[in-house]
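Just so you know, the protein sequences line up as chains A and B, in that order.
According to my numbering, the first sequence holds residues 1 to 292 in order.
According to my numbering, the second sequence holds residues 1001 to 1716 in order.
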Amino acid sequence: MSTFCRPTTLADALAALAEPGSRVLAGGTDLSGLIDRGLASPTTVIDVQDAGLDRIERCGAGVRIGATATLATVAVSDLLTRWTALREAAAAAASPLLRNVATVGGNLCQHTRCWYYRGVEWTCWLGGGDTCFAQIGEHERHGLQPGDCISAHPSDLAPALIVSDATVVVASATGIREQPVAALYRRPDVDDRSLLTLGPDEVITHVVLPAPPDASVYLREGQREAFSFPLVGLAVARFGERLVMAAAGVANIPHLLDPDDVLHDLPGNPQSAWKRTVLATLASRGRTAVTM
Amino acid sequence: MSTTRTRTPLVRGRVGELMPRRDAEPKVTGAFAYSSDLEAEGMLFAVTVRSPHPHARIAAIDTAAAVATAGVHAVLTHADVPGRKTVGMHRADQPVLVVDVVRYQGEPVVIVAADDLETARRAAVLVVVTYEVLEPVADPERGEVLRDVRIRHGDQSLGADVVVSGSYEVGMQDQAFLGPESGLAIPDGDGGVDLHVATQWLHLDQEQICAALDLPPAKVRVHLAGVGGAFGGREDVSMQIHACLLALRTGRPVKMVYTREESFFGHVHRHPAWMRYEHGATPEGDLVYVRAEILLDGGAYASSSPAVVSNAACFAAGPYRVQRATIDARVVMTNNPPCGAMRGFGAVQVAVAHEAQMDLLAAALGIDPVDLRVRNALKTGDRMITGQVIDGPAPVRELLEGLRAMPLPLERGSLRADLRELPGGVANTTHGEGVRRGVGYAIGFKNMGFAEGFDDYSTARVRVSLVNGEPLVEVHTAACEVGQGLVTVLEQIARTELGFEHVVVLPADTTVGSAGSSSASRQTWMTGGAVKAACEAVRERLHELAADRSVEETVEHHHRPTFPLDPETGQGDAQVALCFAAHRAVCDVDTDLGLVRVVEIATTQDVGRIMNPAQCEGQIQGGIAQGLGLALMEEIKTENGLVRNPNFTDYLIPTILDMPPVRLAISETPHPDAPYGLNGVGEPPTIASTPAIAAALRAATGRPVTRVPVRPDDLI
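This is how it looks when you write it as structure tokens:
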């Protein structure tokens, strides 16, 4: 049985998080599903919605976004008008109802939608088992990289933040550190199946955007017009002559692409190889969109 | 405005008028009580322990820890079922609670009632079921045949000069109703029970509950609670017997509401289908023969599979004249999820195949696809492939010609397009690059009502009394309002027949005779007919009406008899009446990304008589949305008997953004056998809309598109 607390300061939240077995809850749109499926069984659920982390504010030439700011606020924030890809990514995720509660921090930390990982019937490699069932089963929506886990990362925000050169501020009871968004993710290995570099006592408090790109865009192929996870989501930003591209849905973590060879390192798995065509097409169209 | 005791044409809300439905406002404001919203003093909450395995033998069930949990009032297994241990619509083959062998994933094993939902859930986790896991039969080719239907029509040696063949597949669609299975059972303290439940056929539920509980019908009263969609998925019982068992055992009201995930295991689905077709025609384009082999996966239990496979066979050739038909349709039993009734009932699957075949044939002949269909269109007086002569309306040609004459949507302009009108929508995937447009036509038909000799009927009780000197009409039936608008139409019928303003349709329950199921596009015909007949009987006696004397009549309405199919040849007058609808889909496809924008669906449908224009259009729009869902996204995915996507994150249904404008032309060819000349409306929109979209996708991409739902990777 879990206990629940709703601290009103970050310090209280971090103190609670220092207790082993506790988990942070923000919008709850992912964690509640994970608990229902038995994929998470925290001893304490720490609801950080009142911890004062929901503000979006100017920060030098950029903007600082609190981790519990909702996707709905990011999508329409006046302070973010020059971060087009980010706003578009926030607006493209989920549904209006979910965007009203789902948060920036939660979107970055969400688990894969791979149905073998989510299904209680399977204990897959990523979930601590021995087998990536997607590779012997159906994986047409999965990633393009071979490996121990071929799931596809579902975050729309992560690629948009990565191409914006954003950083995340991570706090624990013992201190604060800041790192690029891409460094929030790691490839899982046999000893550690986690996709995040966060320690169990750490929480994202903010995302910091430096000066905006000259142009950016988020292109997203979904299974229907709204309320679906990305099959492929591609963020493209241009800083002067420099192009940056990153994608969701192509690897088990958000994937930074080489703009001159977007398919590099993404050979495709047998049933998912069609996504290569999608990614190449989106990259070509995205390049046009930011250079027009 | 004053009411009058004489009939007057001035009373509003009669048949054919646009009368607003009574449940519209409460439904959109949230005031409507669905079956999951019910409460009773002192009620308990019940949950179900389900098998995680699709095939297993139960070695032991240990409920001790659950029983010992504080707040738990009952933990029941098959041993606690006092009467018949099995249920089923066509054959009672499905255990109320698993006795020894589990045959599909999610099958109910144990039920638990407790003071609150959380306690019930925790107790359920403490139930220890020991399974000996067995290898599931997941491949339908290895399934045991439940029923095969052979149709041998015409001279079986006939061949043809032009032959086309193809193989087609339809995925397993779910009804995806938004209101999960739910209800409230209230014991009466005298050994009986009142069940309030969302269902499609109250008396069939009652019959099965009585059998399982070993109670007479008078002890089991079933009341219709607010239904949040049905589409066939509420014909089989789900929680009905379980809630009654627990209520009678505990002496307390028991509420049971499935979670969304449970709901995917709680009702039957549309049969997935594998079909091989061969069409032969003369060089001029006259159909000579249709050969088809049809395989449906019925899953673990019979449900209505025997009737679904019969429908698939009877409508396998589409609404076309054909000299020879050779149809072999079979439904098999496996350890996959049970499949049964869903809107369109067998006609949906075969339409995907026969319409693709007609397009193939048109291409082989160099004939326009609509011309080919018109040339071979069934008409009144023709024989179906079952040998039945169609004596009712069969306006196939008229529907096709009408559809073809409807204007096409505008081509996309050269100006920068509104992203919302392009494949991918606002997600920036295209501003027109890679987009090609395709147009596809399809037509389908199916039967109104049940077939093959079933004596179908509905019952209505109509009473007129004087209240403060003004006539009040009360209409009582057991017909289930499942969202189609039946309650409003019954009110319109009573007002039309009796001419009185004040008509009240009483809540449906089993204290009046059976109405049959709200399915098979039959309920307005059958219960509407019963209400009309009861009103007519009352009208003859209105002179008896006095302040202290009401007039009441109860009438059963039967349709004309039907007859079984010959088991060797599949010939027989099995159908009551036929309904037809044609669809034209215009689709824009991003051929680089495989994304689809359905630009418009145009449809012509003959409904016999429009009873209420808004409701008629609503049925057609909703049916098309469900057909679009099957074409583009809806599929329950199974793997070795396990369901992989039992949730609305992974089982996708269309949103309003996916749904295009519908261009509608409803025609009214009165059906001579039906009250007011009406015909079924609800199912035909779901039949040909799917193959029309598939045809448009083929036209846009040149890809074969032989399987629905069509995935993006099928189009790149």
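Note that CB positions come from ideal geometry on N, CA and C, so glycine has one too.
Cβ of residue i within 9 Å of any chain B Cβ
{"i": "F229 of chain A", "result": "yes"}
{"i": "Y117 of chain A", "result": "no"}
{"i": "L25 of chain A", "result": "no"}
{"i": "T43 of chain A", "result": "no"}
{"i": "A295 of chain A", "result": "What is shown of chain A runs 1 to 292, which leaves residue 295 of chain A out entirely."}
{"i": "V278 of chain A", "result": "yes"}
{"i": "A289 of chain A", "result": "yes"}
Closer than 9 Å to chain A by CB, residue i
{"i": "E1639 of chain B", "result": "yes"}
{"i": "L1490 of chain B", "result": "no"}
{"i": "I1716 of chain B", "result": "yes"}
{"i": "G1266 of chain B", "result": "no"}
{"i": "M1172 of chain B", "result": "no"}
{"i": "T1706 of chain B", "result": "no"}
{"i": "D1650 of chain B", "result": "yes"}
{"i": "D1115 of chain B", "result": "no"}
{"i": "L1632 of chain B", "result": "yes"}
{"i": "Q1621 of chain B", "result": "no"}
{"i": "Q1626 of chain B", "result": "no"}
{"i": "Q1105 of chain B", "result": "yes"}
Whole-angstrom C-beta distance between residue j and residue i, which should lie under 8 Å
{"i": "E1556 of chain B", "j": "T1459 of chain B", "result": "5 Å"}
{"i": "E1135 of chain B", "j": "A1695 of chain B", "result": "With a Cβ gap of about 40 Å, E1135 of chain B and A1695 of chain B do not count as contacting."}
{"i": "V1133 of chain B", "j": "V1109 of chain B", "result": "Contact flag wrong, Cβ pair sits at about 14 Å."}
{"i": "V1268 of chain B", "j": "P1216 of chain B", "result": "The Cβ separation is near 28 Å, so there is no contact."}
{"i": "T1669 of chain B", "j": "P1393 of chain B", "result": "4 Å"}
{"i": "V1596 of chain B", "j": "L1632 of chain B", "result": "6 Å"}
Neighbour list for residue i in chain B, Cβ cutoff strictly below 9 Å
{"i": "A152 of chain A", "result": "Correct list: empty, because the minimum Cβ distance to chain B is about 13 Å."}
{"i": "E88 of chain A", "result": "V1426, A1427 and N1428"}
Neighbour list for residue i in chain A, Cβ cutoff strictly below 9 Å
{"i": "D1424 of chain B", "result": "Per the sequence presented here, residue 1424 of chain B reads as Gly, with Asp not at that position. Chain A residues near G1424 of chain B: L219, R220, E221, G222 and E225."}
{"i": "M1384 of chain B", "result": "Residues of chain A passing the Cβ test: none, with the nearest at roughly 37 Å."}
{"i": "N1336 of chain B", "result": "The premise fails here: N1336 of chain B is roughly 14 Å from chain A at the closest Cβ pair, so nothing lies under 9 Å."}
{"i": "M1089 of chain B", "result": "Ordered by position in chain A, no residue passes the 9 Å Cβ test against M1089 of chain B, which lies about 28 Å from the chain."}
{"i": "P1052 of chain B", "result": "V120 and E121"}
{"i": "E1433 of chain B", "result": "T281, S284, R285 and T288"}
{"i": "D1658 of chain B", "result": "R224, E225 and A226"}
Close-in-space but distant-in-sequence residues of the same chain around residue i (CB under 7 Å, 5 per side omitted)
{"i": "G1183 of chain B", "result": "S1035, L1195, H1196, V1197, A1198, A1225, M1239, Q1240, A1243 and M1256"}
{"i": "A1247 of chain B", "result": "A1185, I1186, P1187, V1193, P1253 and V1254"}
{"i": "E1617 of chain B", "result": "L1664"}
{"i": "S95 of chain A", "result": "A226 and F227"}
{"i": "A1417 of chain B", "result": "H1431 and G1432"}
Within chain B, partners of residue i - CB distance below 7 Å
{"i": "G137 of chain A", "result": "E1639"}
Cβ neighbours of residue i in the same chain (closer than 8 Å, five flanking residues each side left out)
{"i": "I162 of chain A", "result": "P180, V181, A182, A235, V244, A246, P254 and L256"}
{"i": "A1056 of chain B", "result": "V1101, V1102, Y1131, E1132, V1133 and L1134"}
{"i": "A1124 of chain B", "result": "V1047, T1048, V1049, A1066, V1110 and V1112"}
{"i": "A1211 of chain B", "result": "G1083, R1084, V1087 and A1092"}
{"i": "G1381 of chain B", "result": "V1389, I1390 and D1391"}
{"i": "F1648 of chain B", "result": "A1176 and R1260"}
{"i": "D1713 of chain B", "result": "G1594"}
Chain A contact residues for residue i, given Cβ-Cβ distances below 7 Å
{"i": "N1645 of chain B", "result": "W115"}
{"i": "T1655 of chain B", "result": "R224, E225, A226 and F227"}
{"i": "L1642 of chain B", "result": "E121"}
Neighbour list for residue i in chain A, Cβ cutoff strictly below 8 Å
{"i": "R1711 of chain B", "result": "E140"}
According to DSSP, residues forming a beta bridge with residue i
{"i": "H1279 of chain B", "result": "B:V1164 and B:V1290"}
{"i": "D47 of chain A", "result": "A:L25"}
{"i": "P180 of chain A", "result": "A:T167"}
{"i": "Y1131 of chain B", "result": "B:I1058"}
{"i": "A247 of chain A", "result": "A:L234 and A:H255"}
{"i": "Y305 of chain A", "result": "Here chain A comprises residues numbered 1 to 292, so residue 305 of chain A is not present and cannot be evaluated."}
Chain B residues whose Cβ lies nearer than 8 Å to that of residue i
{"i": "W274 of chain A", "result": "G1594, P1712, D1713 and I1716"}
{"i": "A92 of chain A", "result": "V1426 and A1427"}
6 Å Cβ shell around residue i - same chain, five flanking residues per side excluded
{"i": "W274 of chain A", "result": "none"}
{"i": "R55 of chain A", "result": "G66"}
{"i": "A1273 of chain B", "result": "V1170, L1296 and Q1349"}
Proximity test, residue i beta-carbon vs the ligand FMN heavy atom, cut-off 8 Å
{"i": "G1434 of chain B", "result": "This structure lacks the ligand FMN; in fact it carries no ligand of any kind."}
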